[in-house]
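*Asks:*
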Amino acid sequence: MALPIPLTFLIDLLTLFGIFAIISMSLNLEFGYTGIPNFGKLLAVAGGAFFVGAVPGRIIAYLFNTPAGSDFIKNNLEVVSSINQVLMNDPTLSICYLLLSLVGAALAGAALGYIASYPGIRLRGDYLAMTLLAIAEVLKIIGDNWEPFIGGSLGVRIPDPFRWVSGEYRPLYVSLTIIGVTAAIFIYLEFVSRSPLGRTLRALRDDELSARVYGKDVDKLRIKALVVGCAIAAIGGALYSFLTASVSARDFNRVTHTFWPWVMVIVGGAGNNLGALVGAGIFVTVRRLITFYKSYFETFLPFDVVWLEYMLLGLALLIVLLYRPEGLIPEKPTKTLKYEYIANKRATRTKPK
Amino acid sequence: MHRQGRQLSLILVRDALIFSSLMIMLSAGLTLTYMTTKVPNFAHGDFATLNIYLNLALVRLLNINPYLGTIPAFMLGGVIALVLYLAVLKPLMDRGANYVILMVATIAYDMILISLINIFADYLNRVHKIITRLFQLKGFDIEIFGQPGLFVIAPILAFVMITLLYFFLNKTKFGIAMRAAIENPSLAEVVGININRMYAISWFISGGLAGAVGALMPLYMTCNPDIGIRLLISIFAASILGGLSNIYGAFVGGAIIGLAEVLGTGYLSMTLGPWVVPYRPVIPLIVMMLTLLIAPRGLAGVNWKKFLRKVG
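Chains as they are written, first to last, in my numbering: chain A, 12 to 364; chain B, -2 to 309.
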């Protein structure tokens, strides 16, 4: 039974939304809550995807010894299709593979974030922004050129953890998985933002000196936020690779995976997770519409329409920065206890015995 | 074999000198704007890239000598930098935006530039049938003493630029006013210096230098619309090495990064094999990270007298 076309369109949209929402929420944790200008978002996203491309497939191939003596990159197609045969009949293994890969990708992303931020985290944010941007670009260059890693410019196919779902329903299942992960991350980040840690992060964003005066270890907290942010972004990158069941360094660049998340966070409203979600939602919908009407413009313009899209996004970001810097959904002040409650407490405490 | 090796090193040294000269001009521009506005300009690489294509169009369509193209490129680079400052950064600064927002704004501006560069490249390619992806203009270079003209002209240009900037900042009233505006904006304002005009001029000079470098770039290397990001890594490395707050530091930083990149990649590819060539941006990255770890304020921030006493 085939799924109706509007439904497949919606599933497509939700899938992309989920992936970009994960990335933009991770940026929101770093920039919105903590004030770290992560201009190397690409680093963690590509790091997660590269990890998934390089490690889990090799491990499975080693465990099942299929087919003996072949190289994961050189005989990529044969190795992956024989692994897929195994995964197809074994949903438990598929799910384990998916979850463990996501955990691995998160760890890889966290490690990358830690290493990349180490030289610059104690300095003013712009040094950190410059190093993160440069490291992200170098990681992409390595992925693009070092063939034994993820197949160089050709990319690599990876075992498909959704193979056990029959053809028609695969997109639906992928979409549900991604949305599920997105929801889990959203709930986690909401907890973080309401926790004492979340309030501390905001405090050091708003006034670093005061935070230091109150005895907060600013550098450590910054590293923490960046490492968690990178881990989450890496999950986003890993999910993107599972969606296409392949990894290629060509799919990742600083426009799609650094600039776009920034547009989403700033347009949606920095400093609250809902803003990041709304930003991602608007962005994905608008992009889909542009792709939909692209062929119409393509006939009479002497250039690729994709560049107009870049310009529109750049202008949109500038306009939001200039005229509505708080974004569509502004950050709400931190919830505090009710005054009566505090007064009551104080009264009971100061009561003479 | 030996002779061929020497020939190769000669070419390498020549390339290194040219690239260093170009890097000096680029990092000086970035540092100048960083000193005034206190924001690293993420669009600086594409100030140059846009002018690569301007000069390509001038050379191929109007048959202009590529060196004459540096003049309109200087103007165009200056104007796009001025627009960034006056239309985007100045209004944001007036509203009290912090440096992170300013950086995001320069990235947004960079996206607009990337879009313009690619539209222009597509247009030249489809309408005028000019190769705009992975192209060179080495064939249009003039020859001086049997060497490519750029080998003579790029270092001279860098030298002249350094001297002019030095005299401008130290010997003219205008330049001294600019230094005052950089060092202590509020005090300079009290004395009656128009800070806004000073900042605008420094942005114009910065963009102009990047534009002139962009015009020369296709004479030196293979160019592509996405070359800006590679340049940006080198520019940042050079400026951070120079200390980001000292224009003379930027000169030294640019020279060191230029030499290290070309000579490092060249000698490594001779000893390890040509596979190292694509990893060239790793060299500025390593320099950048080492600088931040060892001397985060760059060469200009090191107390050289103390250092020499310790060593000697």
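For glycine and all other residues, C-beta sits at the position ideal for the given N, C-alpha and C.
Nothing here was measured: the structure is a model prediction, and the numbers come from that model.
Using the beta-carbon of each residue, which ones in chain A are nearer than 9 Å to Leu27(B)?
*Replies:* Here the question's residue 27(B) lines up with position 30 in the second sequence. None at all; the shortest Cβ gap to chain A is about 10 Å.
*Asks:* So that I know if they touch, is there some Cβ in chain A lying closer than 9 Å to that of Asp107(B)?
*Replies:* If you number the second sequence from 1, residue 107(B) lands on position 110. It does; some Cβ of chain A falls within 9 Å.
*Asks:* Give a yes or no on whether the minimum CB-CB distance between Val97(B) and chain A is below 9 Å.
*Replies:* Numbered from 1 along the second sequence, position 100 holds the residue referred to as residue 97(B). Interface residue, yes.
*Asks:* Roughly how far, in whole angstroms, is the beta-carbon of Leu260(B) from the beta-carbon of Leu59(B), given that I think they are within contact range, below 8 Å?
*Replies:* The residue you call residue 260(B) lines up with position 263 of the second sequence. The residue you call residue 59(B) lines up with position 62 of the second sequence. Contact doesn't hold; Cβ gap of about 37 Å is too wide.
*Asks:* Report the residue from Thr46(B), Leu65(B), Phe137(B) whose alpha carbon sits nearest the alpha carbon of Ile77(B).
*Replies:* As a working mapping, residue 77(B) is identified with position 80 in the second sequence. For Ile77(B), the nearest C-alpha among the options comes from Thr46(B).
*Asks:* What span of residues does the alpha helix (DSSP H) with Trp273(A) cover, start to end?
*Replies:* The residue labelled residue 273(A) in the question sits at position 262 within the first sequence. 271 to 279 is the span of the alpha helix (DSSP H), which, as asked, contains Trp273(A).
*Asks:* Got a sec? Which residues, its chain only, sit under 6 Å from Ile301(A) by beta carbon, not counting five neighbours each side?
*Replies:* As a working note, residue 301(A) is residue 290 in the first sequence. Excluding sequence neighbours, Ile301(A) sits near Glu320.
*Asks:* Buried or exposed: Asp138(B), going by 16 or more other Cβ atoms within 10 Å of its Cβ?
*Replies:* Residue mapping note: residue 138(B) aligns to position 141 of the second sequence, counting from 1. Per the 10 Å Cβ criterion, buried.
*Asks:* Is there contact here, the stretch 49 to 58 of chain A with the stretch 136 to 143 of chain A, by at least three beta-carbon pairs under 8 Å?
*Replies:* Output reads yes: the stretch 136 to 143 of chain A touches the stretch 49 to 58 of chain A.
*Asks:* Flag this pair as yes or no: are the beta carbons of Gly280(A) and Gly226(A) separated by less than 9 Å?
*Replies:* Here residue 280(A) is taken as the residue at index 269 of the first sequence, counted from 1. Here residue 226(A) is taken as the residue at index 215 of the first sequence, counted from 1. No.
*Asks:* Determine the DSSP secondary structure at Ser93(A), reduced to helix, strand or coil.
*Replies:* Residue 93(A) sits at position 82 when you count from the first residue of the first sequence. Three-state result, Ser93(A): helix.
*Asks:* Against Tyr276(B), what residues of chain A qualify as contacts under a CB-to-CB distance less than 9 Å, listed in chain order?
*Replies:* Taking the second sequence and counting its residues from 1, one reaches residue 276(B) at position 279. In chain order: Val149, Ile152, Ile153, Asn156, Trp157.
*Asks:* Across which residues does DSSP place Ile153(B) in a beta bridge pair?
*Replies:* Working through the second sequence from its first residue, we reach residue 153(B) at position 156. BP columns for Ile153(B) are empty, so no partner.
*Asks:* Please list, in chain order, all residues of the same chain as Gly131(A) whose beta carbon is under 6 Å from its beta carbon, the five residues on each side excluded.
*Replies:* What you label residue 131(A) is simply residue 120 of the first sequence in a count that begins at 1. Here the set comprises Tyr138, Leu139, Thr142.
*Asks:* Can you tell me whether Leu198(B) is buried or exposed, with buried defined as 16 or more other CB within 10 angstroms of its CB?
*Replies:* Here residue 198(B) corresponds to residue number 201 of the second sequence, with the count starting at 1. Residue identity check: residue 198(B) is Ile in the sequence provided, not Leu. Ile198(B) comes out buried.
*Asks:* When you compare only the Cα positions, how much space is there between Met(-2)(B) and Val273(B)?
*Replies:* Position 1 of the second sequence, counting from 1, holds the residue named residue -2(B). Position 276 of the second sequence, counting from 1, holds the residue named residue 273(B). Caution applies to Met(-2)(B), whose pLDDT of 49 falls short of 50 and renders its modelled position unreliable; the model cannot decide the point.
*Asks:* Between which two residues does the alpha helix (DSSP H) harbouring Gly209(A) extend?
*Replies:* Working through the first sequence from its first residue, we reach residue 209(A) at position 198. Counting along the chain, the alpha helix (DSSP H) containing Gly209(A) begins and ends at 207 to 217.
*Asks:* So which residues on chain B does Gly131(A) lean against when the C-beta distance must stay under 7 Å?
*Replies:* Indexing the first sequence from 1 puts residue 131(A) at position 120. Residues of chain B passing the Cβ test: Leu289.
*Asks:* Touch check for the stretch 23 to 41 of chain A and the stretch 269 to 286 of chain A: three-plus C-beta pairs under 8 Å?
*Replies:* Result yes; three or more Cβ-Cβ pairs closer than 8 Å.
*Asks:* Counting pairs of beta carbons, one from the stretch 64 to 76 of chain B and one from the stretch 200 to 214 of chain B, are three or more of them closer than 8 Å?
*Replies:* Touching, per the Cβ criterion.
*Asks:* Run through chain A and tell me which residues come within less than 9 Å of Arg123(B), C-beta to C-beta.
*Replies:* The residue labelled residue 123(B) in the question sits at position 126 within the second sequence. Residues of chain A passing the Cβ test: Pro313, Phe314.
*Asks:* Would Leu312(A) pass as a contact of Ile30(A) if the rule is Cβ separation under 9 Å?
*Replies:* Looking up residue 312(A) in the first sequence gives position 301. Looking up residue 30(A) in the first sequence gives position 19. No, these two residues do not count as a Cβ contact at 9 Å.
*Asks:* Based on Cα-Cα distance, which residue from Thr34(B), Leu287(B), Ala252(B), Ile190(B) lies nearest to Val85(B)?
*Replies:* Looking up residue 85(B) in the second sequence gives position 88. With distances taken between Cα atoms, Val85(B) lies closest to Thr34(B).
*Asks:* With a threshold of 9 Å between beta carbons, is Ala78(B) in contact with chain A?
*Replies:* Taking the first residue of the second sequence as position 1, residue 78(B) is located at position 81. No, Ala78(B) lies away from the interface with chain A (no Cβ there is under 9 Å from its Cβ).
*Asks:* Quick one: what does DSSP say Pro222(B) is sitting in, helix, strand or coil?
*Replies:* Within the second sequence, the letter at position 225 stands for residue 222(B). Pro222(B): coil per DSSP, three-state reduction.
*Asks:* Any Cβ of chain A within less than 9 Å of the Cβ of Ile104(B)?
*Replies:* Locating residue 104(B) in the second sequence gives position 107, where the first residue counts as 1. It does; some Cβ of chain A falls within 9 Å.
*Asks:* By DSSP's criteria, Arg168(A) is part of a beta bridge. Which residues make up the other side?
*Replies:* Here residue 168(A) is taken as the residue at index 157 of the first sequence, counted from 1. Its beta-bridge partners are Ser257(A).
*Asks:* Between the stretch 207 to 221 of chain A and the stretch 118 to 131 of chain A, do three or more beta carbon pairs fall short of 8 Å?
*Replies:* In short, these stretches do not touch, since the Cβ pair count stays below three.
*Asks:* Less than 9 Å between the C-beta atoms of Gly136(A) and Gly46(A), yes or no?
*Replies:* Here residue 136(A) refers to the residue found at position 125 of the first sequence. Here residue 46(A) refers to the residue found at position 35 of the first sequence. Result yes, Cβ atoms of Gly136(A) and Gly46(A) sit closer than 9 Å.
*Asks:* Does the beta carbon of Arg92(B) come closer than 9 Å to any beta carbon on chain A?
*Replies:* Taking the second sequence and counting its residues from 1, the one referred to as residue 92(B) is at position 95. It does: the Cβ of Arg92(B) has a partner Cβ on chain A nearer than 9 Å.
*Asks:* Name, please, each residue of chain B whose Cβ falls closer than 9 Å to the Cβ of Gly325(A).
*Replies:* Taking the first sequence and counting its residues from 1, the one referred to as residue 325(A) is at position 314. Result: Ile104, Ala105, Tyr106, Asp107, Met108, Ile109, Leu110, Ile111, Ser112.
*Asks:* Between the C-alpha atoms of Phe233(B) and Ser306(A), what's the straight-line distance to the nearest angstrom?
*Replies:* For this step, residue 233(B) is matched to residue 236 along the second sequence. For this step, residue 306(A) is matched to residue 295 along the first sequence. Phe233(B) and Ser306(A): Cα-Cα distance of roughly 39 Å.
*Asks:* Report yes if the C-beta distance between Leu332(A) and Val101(B) is below 9 Å; otherwise report no.
*Replies:* By one-based count along the first sequence, residue 332(A) stands at place 321. By one-based count along the second sequence, residue 101(B) stands at place 104. Closer than 9 Å, so yes.
*Asks:* Here's the rule: buried if 16 or more other CB atoms are within 10 angstroms of the residue's CB, otherwise exposed. What is Cys220(B)?
*Replies:* What you label residue 220(B) is simply residue 223 of the second sequence in a count that begins at 1. Cys220(B) should be labelled buried.
*Asks:* Quick one: any contact between the stretch 17 to 26 of chain B and the stretch 153 to 168 of chain B, if contact means 3 or more CB pairs under 8 Å?
*Replies:* The stretch 17 to 26 of chain B, when compared against the stretch 153 to 168 of chain B, does touch it at the 8 Å Cβ threshold.
*Asks:* I'd like to know whether the C-beta atoms of Ala297(B) and Asn243(B) end up nearer to each other than 9 Å.
*Replies:* Here residue 297(B) refers to the residue found at position 300 when the second sequence is read from its first residue. Here residue 243(B) refers to the residue found at position 246 when the second sequence is read from its first residue. It is a contact, given that the beta carbons lie within the stated cut-off.
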